[in-house]
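Participant: Each protein sequence line maps, in turn, to chains A and B.
Position 121 of the first sequence, counting from 1, maps to 120 under numbering that gives the first Met the number 0, and the rest follow consecutively.
Position 160 of the second sequence, counting from 1, maps to 159 under numbering that gives the first Met the number 0, and the rest follow consecutively.
2 protein chains.
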Amino acid sequence: MTLAEAKAKFIADWGRFGTNWGINRTMAQIHALLLISPDPLSADEIMEQLSISRGNANMNIRELMDWGLVQKVIRPGERKEYFSAEKDIWKVARQIVKERKKRELDLMIPVLKELSEVEGDKRDKHVKTFTDTINNIRKFSDQADKTLDTMIRADEHWFLGSLVKLFAGKRD
Amino acid sequence: MTLAEAKAKFIADWGRFGTNWGINRTMAQIHALLLISPDPLSADEIMEQLSISRGNANMNIRELMDWGLVQKVIRPGERKEYFSAEKDIWKVARQIVKERKKRELDLMIPVLKELSEVEGDKRDKHVKTFTDTINNIRKFSDQADKTLDTMIRADEHWFLGSLVKLFAGKRD
DNA sequence: AAAAACTTTCAATAAATTTTGAAAGTTCAG
DNA sequence: CTGAACTTTCAAAATTTATTGAAAGTTTTT
Numbered sequence: 000m001t002l003a004e005a006k007a008k009f010i011a012d013w014g015r016f017g018t019n020w021g022i023n024r025t026m027a028q029i030h031a032l033l034l035i036s037p038d039p040l041s042a043d044e045i046m047e048q049l050s051i052s053r054g055n056a057n058m059n060i061r062e063l064m065d066w067g068l069v070q071k072v073i074r075p076g077e078r079k080e081y082f083s084a085e086k087d088i089w090k091v092a093r094q095i096v097k098e099r100k101k102r103e104l105d106l107m108i109p110v111l112k113e114l115s116e117v118e119g120d121k122r123d124k125h126v127k128t129f130t131d132t133i134n135n136i137r138k139f140s141d142q143a144d145k146t147l148d149t150m151i152r153a154d155e156h157w158f159l160g161s162l163v164k165l166f167a168g169k170r171d
Numbered sequence: 000m001t002l003a004e005a006k007a008k009f010i011a012d013w014g015r016f017g018t019n020w021g022i023n024r025t026m027a028q029i030h031a032l033l034l035i036s037p038d039p040l041s042a043d044e045i046m047e048q049l050s051i052s053r054g055n056a057n058m059n060i061r062e063l064m065d066w067g068l069v070q071k072v073i074r075p076g077e078r079k080e081y082f083s084a085e086k087d088i089w090k091v092a093r094q095i096v097k098e099r100k101k102r103e104l105d106l107m108i109p110v111l112k113e114l115s116e117v118e119g120d121k122r123d124k125h126v127k128t129f130t131d132t133i134n135n136i137r138k139f140s141d142q143a144d145k146t147l148d149t150m151i152r153a154d155e156h157w158f159l160g161s162l163v164k165l166f167a168g169k170r171d
């Protein structure tokens, strides 16, 4: 496989992968392109390489910056803005965990608390099943909240490795 | 908040949440409905409670069964099929991890291997950045593969709890 | 201050995904 | 077998999401 073929395949696959995770295809493709580019790229280069419009490129680059996965690079003496992606996948993973936690789990926890305070007679099985389920989800979420905070703080090359050892040790 | 209000809110929230994860709204809503139902529900009851069509209900129930999150319940002497969801969220989480791993990570690992074998001179920075990035992702994926397998095998109420202790201990 | 170089916005359009519902299929009791 | 009860399929329609591109906005140079 030539480099050009491999690049094209990686961009396509990463894009497809992204859509499974609620990320739009173009955003994932721009990310893929920047991950494999040795130097920062301008919006024009991204538009050209992915055959997308200026508006689309601009919007998705901004989104990637909001996620903390891409940075703007200004070259002295040049008007144009360039963009580069963090290439260390452990940092990328940590950043994604951090953002998703902030955007999802942190918003859900107070909602679950509110739902757990539903009125009604606990002897009614409908009430009981509801509160039991919500409380079960709350316990899980609270645990996940703490765990993810720890992972986010952990040293990059460390967290999954240690996790493996932990589980492996317990099992033997 | 009354039970009816709480149920409606939970179903709506769980549905919205699902769409962030590449799961369709209806599928997540059916799951939510079954999670809080003390007894199994028939397709007709699901259709009615969520105001959705028969085809939609059928399709998404089947998908939930494919994911191993919902089971068919046959009541002796009745023609109609009923459905119930696993209510233990730790089991639900494990099942989701297991399925996503199977559907995504297990497919991606061989692709990464193929991509890492790209031809070209390593002294070319384009080739170097490409292979370095792919290899970085491969290492991450291989680690994640092992870690997730361990998590999937772990006893239900255990894995995140122990994980938290590990991280907490390390930190202090 | 005007033009040039570039970035951002957003209404219109296109594409992808989801939903519907009627028809076809299946199973079973009589 | 036949019909009733139920489930599945799938093409068409509706909805949601993503993309375009031209116009507006901004910053820098002359």
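Heads up, the beta-carbon is just placed ideally off N, CA and C, and yes, glycines get one too.
Here the structure is a predicted model, which is why all the values come from computation and not from measurement.
I want to verify the contact list: residues of chain A whose CB lies under 8 Å from the CB of Thr39/B, in sequence order.
Facilitator: Here the question's residue 39/B lines up with position 40 in the second sequence. Per the sequence shown, the amino acid found at residue 39/B is Pro instead of Thr. Near Pro39/B there are no residues of chain A at all, since even the closest Cβ is about 12 Å away, more than 8 Å.
Participant: DSSP has Gln28/A in a bridge; who is on the other side?
Facilitator: In the first sequence, the residue the question calls residue 28/A occupies position 29. BP columns for Gln28/A are empty, so no partner.
Participant: Does the beta-carbon distance from Ala143/A to Leu104/A come in below 8 Å?
Facilitator: The residue given as residue 143/A occupies position 144 in the first sequence. The residue given as residue 104/A occupies position 105 in the first sequence. A contact, by the Cβ cut-off of 8 Å.
Participant: Run down chain B in chain order and give the residues with a C-beta less than 8 Å from the C-beta of Gly179/A.
Facilitator: No statement about residue 179/A is possible, as the shown extent of chain A runs from 0 to 171 and does not include it.
Participant: Any Cβ of chain A within less than 8 Å of the Cβ of Asp87/B?
Facilitator: In the second sequence, residue 87/B corresponds to position 88, counting from 1. Cβ-Cβ to chain A under 8 Å: yes for Asp87/B.
Participant: What do you get for Ser36/B, buried or exposed, if any count of 16 or more other CB atoms within 10 angstroms of its CB means buried?
Facilitator: Along the second sequence, one-based indexing puts residue 36/B at 37. Label assigned to Ser36/B: buried.
Participant: Can you tell me the Cα-Cα spacing of Thr172/A and Met150/B, whole angstroms?
Facilitator: The requested residue 172/A does not occur in the structure, where chain A is confined to residues 0 to 171.
Participant: Sorted by chain position, which residues of the same chain lie with C-beta nearer than 7 Å to Leu68/B's C-beta, five sequence neighbours on each side aside?
Facilitator: Within the second sequence, residue 68/B is the residue found at index 69, counting from 1. Taken in chain order, the residues that qualify are His30, Ala84, Glu85, Val91, Gln94.
Participant: For the segment 108-119 of chain B and the segment 1-8 of chain A, state whether three or more C-beta atom pairs, one from each stretch, are separated by less than 8 Å.
Facilitator: yes
Participant: Quick check on the burial criterion: 16 or more other C-beta atoms within 10 angstroms. Buried or exposed for Gly76/B?
Facilitator: Working through the second sequence from its first residue, we reach residue 76/B at position 77. Gly76/B comes out exposed.
Participant: Compute the distance between the beta-carbons of Ile45/B and Leu32/B, then report whether it is under 8 Å.
Facilitator: Here residue 45/B refers to the residue found at position 46 of the second sequence. Here residue 32/B refers to the residue found at position 33 of the second sequence. Yes, Cβ-Cβ distance for Ile45/B and Leu32/B is below 8 Å.
Participant: Using three-state DSSP, classify Ile3/A as helix, strand or coil.
Facilitator: What you label residue 3/A is simply residue 4 of the first sequence in a count that begins at 1. Correcting the residue type first, residue 3/A is Ala in the shown sequence and not Ile. Looking at Ala3/A - three-state DSSP - the assignment turns out to be helix.
Participant: DSSP state of Leu68/A, grouped into three classes?
Facilitator: What you label residue 68/A is simply residue 69 of the first sequence in a count that begins at 1. Note: Leu68/A maps to coil in three-state DSSP.
Participant: Using the beta-carbon of each residue, which ones in chain A are nearer than 9 Å to Met107/B?
Facilitator: Reading the second sequence from its first residue, position 108 is the one you call residue 107/B. Chain A residues near Met107/B: Asp12, Phe16.
Participant: Is Glu80/B helix, strand or coil by DSSP?
Facilitator: On the second sequence, residue 80/B is found 81 positions in, with the first residue counted as 1. Collapsing the DSSP output to three states places Glu80/B in a strand.
Participant: Pairing CB atoms from the segment 8-19 of chain B with CB atoms from the segment 53-73 of chain B, are three or more of them under 8 Å?
Facilitator: no
Participant: Just grab the DSSP bridge partners of Leu174/A for me.
Facilitator: Because chain A in this structure spans residues 0 to 171, residue 174/A falls outside the shown range and cannot be described.
Participant: Would you decide whether Gly14/B is buried or exposed? Buried here means 16 or more other CB atoms lie within 10 Å of its CB.
Facilitator: What you label residue 14/B is simply residue 15 of the second sequence in a count that begins at 1. With 16 or more Cβ atoms within 10 Å of its Cβ, Gly14/B is classed as buried.
Participant: Taking 8 Å as the threshold (C-beta atoms), are Leu49/B and Gln28/B in contact?
Facilitator: As a working mapping, residue 28/B is identified with position 29 in the second sequence. As a working mapping, residue 49/B is identified with position 50 in the second sequence. Cβ atoms of Gln28/B and Leu49/B: closer than 8 Å.
Participant: Locate the alpha helix (DSSP H) running through Val126/A, then write down its first and last residues.
Facilitator: Within the first sequence, numbered from 1, the residue matching residue 126/A stands at position 127. Run containing Val126/A: 124-152, per the alpha helix (DSSP H) assignment.
Participant: For Phe139/B, collect the residues of the same chain with a Cβ closer than 7 Å to its Cβ; drop the 5 residues on either side in sequence, then sort them by chain order.
Facilitator: In the second sequence, the residue the question calls residue 139/B occupies position 140. Excluding sequence neighbours, Phe139/B sits near nothing in its chain.
Participant: Quick test of your reading: Leu106/A and Ile136/A, contact by CB under 8 Å. State the CB separation rounded to the nearest angstrom.
Facilitator: To locate residue 106/A, count along the first sequence from 1; it is residue 107. To locate residue 136/A, count along the first sequence from 1; it is residue 137. Actually they do not touch by this definition, with Cβ atoms about 14 Å apart.
Participant: With 8 Å set as the bound, which would you pick, yes or no: does the beta-carbon of Ala5/A sit closer than that to a beta-carbon of chain B?
Facilitator: The sequence position of residue 5/A within the first sequence is 6, counting from 1. Yes, Ala5/A lies at the interface with chain B (some Cβ there is under 8 Å from its Cβ).
Participant: If you run the structure through DSSP and keep just helix, strand and coil, what is Ile45/A?
Facilitator: Within the first sequence, residue 45/A is the residue found at index 46, counting from 1. Three-state result, Ile45/A: helix.
Participant: Assign Ile73/A to buried or exposed, taking buried as 16 or more other Cβ atoms, counted over all protein chains shown, within 10 Å of its Cβ.
Facilitator: Stepping through the first sequence from its first residue, residue 73/A is reached at position 74. Exposed, since its Cβ has fewer than 16 Cβ neighbours within 10 Å.
Participant: I'd like the list of long-range same chain contacts for Trp66/B, defined as Cβ closer than 6 Å, with 5 residues on each side in sequence excluded.
Facilitator: Position 67 of the second sequence holds residue 66/B. Counting only Cβ-Cβ distances below 6 Å, and skipping sequence neighbours, we find Glu98.
Participant: Pick from Met64/B, Trp89/B, Asp148/B: whose alpha carbon is nearest that of Phe82/B?
Facilitator: Counting from 1 along the second sequence, the entry for residue 82/B is found at position 83. When only C-alpha atoms are compared, the closest one is Met64/B.
Participant: Could you tell me the boundaries of the alpha helix (DSSP H) in which Asp120/A lies?
Facilitator: Here residue 120/A corresponds to residue number 121 of the first sequence, with the count starting at 1. Per DSSP, Asp120/A belongs to no alpha helix (DSSP H) and is neither H nor E.
Participant: Could you give the DSSP three-state label for Ile173/B: helix, strand or coil?
Facilitator: The first residue shown for chain B is 0 and the last is 171, placing residue 173/B beyond what the model contains.
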